[in-house]
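Just so it is clear: in the sequence shown, position 63 is 63 by UniProt numbering, and no numbers are missing.
Beta carbons are placed, not taken as given, at the ideal position from N, Cα and C, and that holds for glycine.
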Amino acid sequence: MCIHQLNLLAASSNLPISNFLGKQHPIEAHHLSSICDIMEKAMVNGDTCIIRCILVVFQVVFKFFFSPQTERNRDIVRRSGLLLWQLLMAPRDQICSEIQKEVCLAISSGLNILYPGEAEINNLLKLVLTEGERNSGLSQLRDVILTNLAEQLQNNRFGSEDDDHYRLNDELLHYILKIVVRESCVLITKCQTVSKDDFQRLLSTVPAASSCLRYLMAVQNHLLSNTILIKPDDNDDSDSSLQGETLKVQELKTSILSLATQILTGCDEVLEMLQQVTTALINSDISDREQRLKGLEQITKATMLGHLLPVLLTSLMHPNLQTLTMADALMPQLVQLVLYTSQTALLLKTQSPVFSELNSSPSCAPEQKGKQLPDERMLEEKEEPGFLTGLKIPAPWAAGKTVETVHPVRDNYKFKETVHIPGARCLYLRFDNRCSSQYDYDKLVIYAGPSTNSRKVAEYGGNTLGYGSRSVLGTGWPKDLVKVEGDTVTFSFEMRSGREHNTPDKAMWGFACTVRAQESSEDVSGGLPFLVDLALGLSVLACSMLRILYNGPEITKDEETCQELLRSKLLQRCQWQVEANGVISPALTPSPSPLPLTIEEDREFTYPSDVLVPPVGHYFDLPRIRLPPGIMIKLREISGRARPQFRPSIK
1 MCIHQLNLLA ASSNLPISNF LGKQHPIEAH HLSSICDIME KAMVNGDTCI
51 IRCILVVFQV VFKFFFSPQT ERNRDIVRRS GLLLWQLLMA PRDQICSEIQ
101 KEVCLAISSG LNILYPGEAE INNLLKLVLT EGERNSGLSQ LRDVILTNLA
151 EQLQNNRFGS EDDDHYRLND ELLHYILKIV VRESCVLITK CQTVSKDDFQ
201 RLLSTVPAAS SCLRYLMAVQ NHLLSNTILI KPDDNDDSDS SLQGETLKVQ
251 ELKTSILSLA TQILTGCDEV LEMLQQVTTA LINSDISDRE QRLKGLEQIT
301 KATMLGHLLP VLLTSLMHPN LQTLTMADAL MPQLVQLVLY TSQTALLLKT
351 QSPVFSELNS SPSCAPEQKG KQLPDERMLE EKEEPGFLTG LKIPAPWAAG
401 KTVETVHPVR DNYKFKETVH IPGARCLYLR FDNRCSSQYD YDKLVIYAGP
451 STNSRKVAEY GGNTLGYGSR SVLGTGWPKD LVKVEGDTVT FSFEMRSGRE
501 HNTPDKAMWG FACTVRAQES SEDVSGGLPF LVDLALGLSV LACSMLRILY
551 NGPEITKDEE TCQELLRSKL LQRCQWQVEA NGVISPALTP SPSPLPLTIE
601 EDREFTYPSD VLVPPVGHYF DLPRIRLPPG IMIKLREISG RARPQFRPSI
651 K
């Protein structure tokens with residue numbers, strides 16, 4: 001256990017022991033060979049205590065003390081790997097779970113030593129991903145490796161040397177995504193199939209992300225954060241640096257597009273399963289149907305729909321990812337996801353008490369129809385009930401902003417914070433009834449503005465608990481709302497006195513205050529149901545992508561430069577064709593033209609709106625363009641050709 005604790009301490013790179021172990025010389029091959037001899041003897045004798053100790057030694061040796069540079073070292077490494085695999089693949093009745101866990105940790109610690117090549121590591125990962133469901137040892141090894149890679153990837157920047165090592169290739173990501181989709185579907189299906197007690201236990205364990213889901217989350221966050229937060233080097237404005245940054249951004253966007261396509265495809269499958277389970281629960285006659293429908297939303301949050309999709313949707317709204325390529329590739333999947341989420345949200349909404357009251361039984365319909373409010377009658381006349389019917393979409397500022405000190409405050413404590421709610425005419429402050437300070441000069445000052453130089457509104461301090469000053473400033477900490485004109489308020493608190501030995505924490509609690517833009521908090525919504533929120537977010541993203549598709553490609557610099565040429569009536573008469581090498585040239589064979597035979601230069605020309613497609617079959621000569629005499633004279637001067645003279649014929 002001492003070795004085990006040493007290994008755990010060494011795993012932290014911030015501790016001095018890690019630097020000490022990293023500076024030690026590698027052990028020689030015969031020492032590792034002796035360790036293998038001890039392991040073999042312990043495996044023959046079935047000594048689990050020694051086996052576990054040697055496995056921990058393997059973890060430390062592989063991580064700090066061994067480098068397989070010689071052929072003999074490589075032979076010892078192969079021998080160690082065979083021993084580890086022999087333990088990993090042993091039947092469950094011959095090996096305990098603790099030893100199996102230590103084997104997985106040893107293989108993960110020596111992953112680059114046991115499998116020095118990229119192809120070997122990929123083959124190992126492919127094995128554990130494809131066969132992990134059939135073997136508990138491979139499944140546990142998969143979880144340990146992916147958890148370790150996810151932690152490393154979160155601390156790694158895109159494009160670094162270790163990026164390719166921690167970020168797996170597309171084939172392995174596809175296998176991981178298949179596992180995540182299967183896990184999500186199984187989790188949702190359990191809401192219908194398990195017993196009542198098992199369902200309650202299931203609710204108490206979510207949301208717990210599996211190792212595969214955690215790795216996908218790490219990959220997604222790694223790519224999206226680097227795309228959104230990437231900034232060019234201000235100190236290096238050379239062409240090579242700018243070109244490198246451009247290539248990096250393009251590579252990131254390509255990786256994100258590939259990952260987003262796979263994630264949306266997987267979410268489509270999970271949502272289809274969710275809709276089937278929801279429909280089955282609604283039509284079932286089980287006793288705890290309502291509890292299962294309520295718990296279904298919590299279970300859904302534990303799947304890839306809750307861990308991957310919301311982050312992806314939010315990030316795709318960033319300007320760096322609002323591109324025509326993204327919109328063109330993701331639009332079909334987004335539309336399908338909008339349909340699934342809105343339909344499922346409506347199914348769940350029909351089972352809620354609020355919706356049931358609005359859609360009561362037919363026997364009560366005539367009586368309630370006369371009591372309908374104007375808004376309900378308008379809803380009945382103008383629109384069908386949807387997944388947003390009867391729900392209040394929460395405003396970001398409705399719940400208010402809480403500002404508070406530490407509790408209790410300490411000596412020489414200072415606090416300053418500014419709250420700004422755009423568009424608010426005035427702000428309403430509600431203080432906690434526990435607000436107190438030791439002396440009245442340990443006070444809070446409120447300013448109506450962005451700084452302490454703004455107009456002072458009020459100041460509060462002291463306590464009425466019988467400690468310190470035994471008094472308060474003015475009328476004391478406010479019990480009612482405090483109104484501050486404007487949309488900005490600044491809080492400034494300072495603890496000037498030292499705490500006395502007999503002053504309890506409640507007399508030095510500090511303060512807490514909630515700032516709102518409205519006087520009453522009755523209209524504050526607790527938020528939308530998860531599926532409704534998801535459907536709304538998908539709809540917003542789909543509309544944004546539709547706008548990008550409608551606007552088409554952005555105007556290039558060449559098009560901006562050639563605006564005058566593009567508006568030229570002379571060039572508008574030309575018909576162009578694209579050559580095999582991409583060069584645009586005038587068409588040799590004239591195509592049918594619906595345009596008039598001549599164009600007057602003194603008036604603006606517009607294409608006929610009633611002709612969209614030229615006739616097929618017959619071809620006509622291009623109409624002659626009549627140029628003004630001034631232009632013809634200049635053209636003759638430039639070309640050096642005089643105007644032809646017409647001589648009368650001699651008979």
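Separation of residue j from residue i, as counted between CA atoms
i, j, result
"ILE92", "ILE50", "Correcting the residue identity first, residue 92 is Arg in this sequence and not Ile. For ARG92 and ILE50, the distance between alpha carbons rounds to 19 Å."
"PRO590", "ARG567", "Any reading at PRO590 is ruled out, since the residue's pLDDT is 48, under 50, leaving its predicted position unreliable."
"GLN333", "ARG167", "25 Å"
"ARG79", "GLN94", "21 Å"
"LEU531", "CYS185", "16 Å"
"ILE633", "ARG643", "9 Å"
"LEU339", "LEU528", "18 Å"
"PRO628", "LEU635", "11 Å"
"CYS267", "PRO422", "36 Å"
"TYR413", "HIS501", "17 Å"
"ARG641", "LEU565", "26 Å"
"PHE493", "GLY476", "15 Å"
"THR265", "ARG182", "13 Å"
"ASN283", "LYS196", "17 Å"
"THR514", "ILE145", "46 Å"
"PRO450", "CYS426", "14 Å"
"SER539", "THR227", "23 Å"
"ARG74", "ASN45", "27 Å"
Beta-carbon spacing of residue i, residue j below 8 Å
i, j, result
"LEU293", "GLN351", "yes"
"GLY466", "THR503", "no"
"ARG410", "MET495", "yes"
"LYS314", "GLY306", "One detail in the question is off: residue 314 reads as Thr in this sequence, not Lys. No, these two residues do not count as a Cβ contact at 8 Å."
"VAL406", "VAL419", "no"
"ALA302", "VAL219", "no"
"THR341", "ALA535", "yes"
"GLU102", "VAL60", "no"
"LEU549", "MET331", "yes"
"LYS557", "PHE491", "no"
"PRO408", "MET545", "no"
"THR189", "VAL249", "no"
"GLY81", "LEU32", "no"
"LEU312", "ALA260", "yes"
"VAL482", "ALA448", "no"
"GLU263", "LEU316", "Rather than Glu, the amino acid found at residue 263 in this sequence is Ile. No; because the gap between Cβ atoms is not below 8 Å, this pair is not in contact."
Nearest to residue i (by Cα), restricted to the options the options
i, options, result
"LYS401", "ASN169, ARG516, THR464", "ARG516"
"CYS104", "VAL128, ASN155, GLU118, VAL540", "VAL128"
"GLN192", "CYS426, LEU281, VAL489", "LEU281"
"ALA458", "PRO450, LEU444, GLY449", "LEU444"
"ALA208", "ASP198, ASP197, LEU187", "LEU187"
"ASN169", "MET326, SER497, ASP288, GLU118", "GLU118"
"MET39", "LEU84, VAL484, ALA448, VAL77", "LEU84"
"SER139", "GLU151, ASN123, GLY110, CYS212", "CYS212"
"HIS174", "LEU216, ASN135, ASP75, ARG142", "LEU216"
"GLN291", "GLN262, LEU202, LEU321", "LEU202"
"ILE76", "SER97, ASP37, CYS96", "ASP37"
"GLY552", "GLN322, LEU347, ASP288", "GLN322"
"HIS318", "SER258, ASP288, LEU224", "LEU224"
"LEU296", "LEU274, CYS435, ALA424", "LEU274"
Opposing strand residues paired with residue i [DSSP bridges]
i, result
"GLY461", "LYS443"
"HIS222", "For HIS222, which the question treats as bridged, DSSP gives no partner whatsoever."
"THR488", "HIS420"
"LEU635", "In DSSP, LEU635 forms no bridge with anything."
"THR261", "In DSSP, THR261 forms no bridge with anything."
"ALA448", "ARG455"
Residue i classed as buried or exposed, judged by whether at least 16 other C-beta atoms fall within 10 angstroms
i, result
"PRO116", "exposed"
"ILE132", "A quick correction: the sequence has Gly, not Ile, at residue 132. Label assigned to GLY132: buried."
"ARG430", "buried"
"CYS53", "buried"
"LYS349", "buried"
"ARG377", "Below a pLDDT of 50, predicted positions are generally treated as unreliable, and ARG377, at 44, falls in that range; the measurement from the model is reported next regardless. Under this definition ARG377 is an exposed residue."
"GLY461", "buried"
"ILE631", "exposed"
"HIS30", "exposed"
"SER97", "exposed"
"ASP442", "buried"
Residue i beta carbon near the ligand PLP (any heavy atom closer than 7 Å)
i, result
"ASP487", "The ligand PLP is absent from the structure shown, which contains no ligand whatsoever."
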